[in-house]
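J.: Below are the structure tokens for one structure; questions will follow.
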Amino acid sequence: MDTGWIEMLYIFWIISLGLLYYFLEKRKKNRINELIDLIENMKNQNYKIPMKQDDFSILEDKIYKLFIEIVEAKETTSKNSEKQIEYLEDIAHQIKTPITSMLFSIENLEMDFPDIEDIEILKRQLLRLNSLSDILLKLSSLDANKELMKNEDVRLDELIFYSLDTLNLKKSVRIIIDDSLKENIICGDFYWLAEAIINILKNADNRKSCDKITISSEKNPLYTSLIIEDNGGGIEKENMKKIFKRFYKTPDSNGFGIGLAMAKTIVEKNNGEISVSNIDVGARFEIKFYNVT
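Written as structure tokens, this is what we have:
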């Protein structure tokens, strides 16, 4: 009899432990799900925190405080970024206004004194400053996302012909356009992408030894690529990783160090990526536009 009671008590004890373990595990799982819900709610800007006192409350409180700190830091960064963009726009406009006035005055001087070389030099420098102000305005638009990229069908051949018509390349440069461009269409913003292409072509044209630029395209199930190759001697290995950094320029460059950085930003905002490598005779820029389904 005593043995039977002991066995029953033992079984009861085992069942009780099992039920207690099940209850604790279920409670823990429920609280973990509540923590996940809390994070999801905070992501949706619902900052109401449940008032519970248990072992998970400390973790809950820490998550809440950390999330609030991240949100506040993001808002501060965003405000600072907006101020920087506004300053950039203001600087660009303040540069552009007097330059426009001076260019008008110089054109009048040219009519009166056509043989004075210093006037032509001054005009070239002012045009360069005017170009810089235009670039700064474009950069501020990209940084502020003021102009959202359009998502439209873009024929690569039309994009290249438009870019070439807009750009004044050296007369000595021969352009070879592969027939593959006619076959391929991408999705993106035509005019912003043309801006990116123009900057890549300018980079090739600025190389003194460059007298040939080849433009082609490839397509596979993942992406459509646009390839621009030149015979300008290639890019030095130490400059390869820096070439897309804003305001980086090589010692022999006469640009502002903005064009390729802008091209990279534009391509990325159009669901693409840009890379550069060297070939036997020059540089090879490849832009991959990924297929979005």
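The sequence shown lines up with residues 1 to 293 when you count with full-length UniProt numbering.
Beta carbons: idealized from backbone N, C-alpha and C, even for Gly.
Mark PHE23 as exposed unless 16 or more other C-beta atoms lie within 10 angstroms of its C-beta, in which case mark it buried.
T.: exposed
J.: Suppose you measure from the CA of LYS28 to the CA of ILE6; what does that come to, to the nearest Å?
T.: 32 Å
J.: Note down the Cα distance separating ASN184 from ASP112, rounded to an integer number of angstroms.
T.: 52 Å
J.: Look up ASP280 in the DSSP assignment and say whether it is helix, strand or coil.
T.: coil
J.: Under the assumption that SER217 contacts SER225 (Cβ atoms under 8 Å), give the Cβ distance between them as a whole number of angstroms.
T.: 6 Å
J.: ILE198 to LYS65, Cα distance in whole Å?
T.: 48 Å
J.: CB SER133 to CB ILE106, shorter than 8 Å?
T.: In this structure, ILE106 does not lie closer than 8 Å to SER133 by Cβ.
J.: Let me confirm a value: LYS264 is counted as buried when at least 16 other C-beta atoms fall within 10 Å, else exposed. Which label applies?
T.: Buried: at least 16 other Cβ atoms inside 10 Å.
J.: Cβ of MET262 within 7 Å of any heavy atom in the ligand SAH?
T.: Questions concerning the ligand SAH fall outside what the structure shown contains, since it holds no ligand whatsoever.
J.: Residue range of the beta strand (DSSP E) that ILE186 falls in?
T.: 185–188
J.: Quick check on this structure: which residue in LEU201, LEU156, LYS150 has the alpha carbon closest to the alpha carbon of THR166?
T.: LEU201
J.: Beta carbon of ALA261, beta carbon of ARG246: below 8 Å?
T.: Result yes, Cβ atoms of ALA261 and ARG246 sit closer than 8 Å.
J.: Please state if the CB of ASN271 and the CB of TYR248 are separated by a distance shorter than 8 Å.
T.: no
J.: According to the Cβ coordinates, are GLY282 and ASN231 closer than 8 Å?
T.: yes
J.: From the DSSP output, in three-state form, read off LYS212 for me.
T.: In the structure shown, LYS212 sits in a strand (DSSP, three-state: E or B).
J.: Taking 8 Å as the cut-off, decide whether the C-beta atoms of ILE163 and ALA194 are in contact.
T.: Per the sequence shown, the amino acid found at residue 163 is Ser instead of Ile. Contact: yes.
J.: Rounded to whole angstroms, how far is the Cβ of LEU181 from the Cβ of ASP157, which I believe are closer than 8 Å?
T.: 4 Å
J.: Might you give, ordered along the chain, the residues of its own chain that have their beta carbon closer than 8 Å to the beta carbon of ILE103, omitting 5 neighbours on each side?
T.: Just to set this straight, residue 103 is Leu in the shown sequence, not Ile. For LEU103, where only same-chain residues beyond five positions count, the Cβ hits under 8 Å are LYS123, LEU126, LEU127, ASN130.
J.: Between the C-alpha atoms of VAL154 and GLU40, what's the straight-line distance to the nearest angstrom?
T.: 38 Å
J.: Identify every residue that forms a DSSP beta bridge with GLY272.
T.: For GLY272, which the question treats as bridged, DSSP gives the partners PHE289.
J.: From the DSSP output, in three-state form, read off LYS219 for me.
T.: strand
J.: Three-state secondary structure (DSSP) at ILE177?
T.: ILE177 falls in the strand class under three-state DSSP.
J.: Could you compute how far the alpha carbon of GLU286 sits from the alpha carbon of ILE274?
T.: Cα to Cα, the separation comes out at about 6 Å.
J.: Nearest to ILE177 by alpha carbon, out of LYS242, GLU236, ILE213?
T.: ILE213
J.: Using CA atoms only, rank isn't needed, just tell me which of ASP205, ILE186, LYS242, TYR21 is closest to PRO221.
T.: Nearest C-alpha to PRO221: ILE186.
J.: Can you tell me which residues form a DSSP beta bridge with THR224?
T.: LYS219, PHE289
J.: Residues bridged to GLU195 by DSSP?
T.: Beta-bridge pairing links GLU195 to no other residue.
J.: Would you call the CB atoms of ILE121 and PHE256 closer than 8 Å?
T.: no
J.: Between THR97 and LEU137, what straight-line distance do the alpha-carbon atoms span, to the nearest angstrom?
T.: 13 Å
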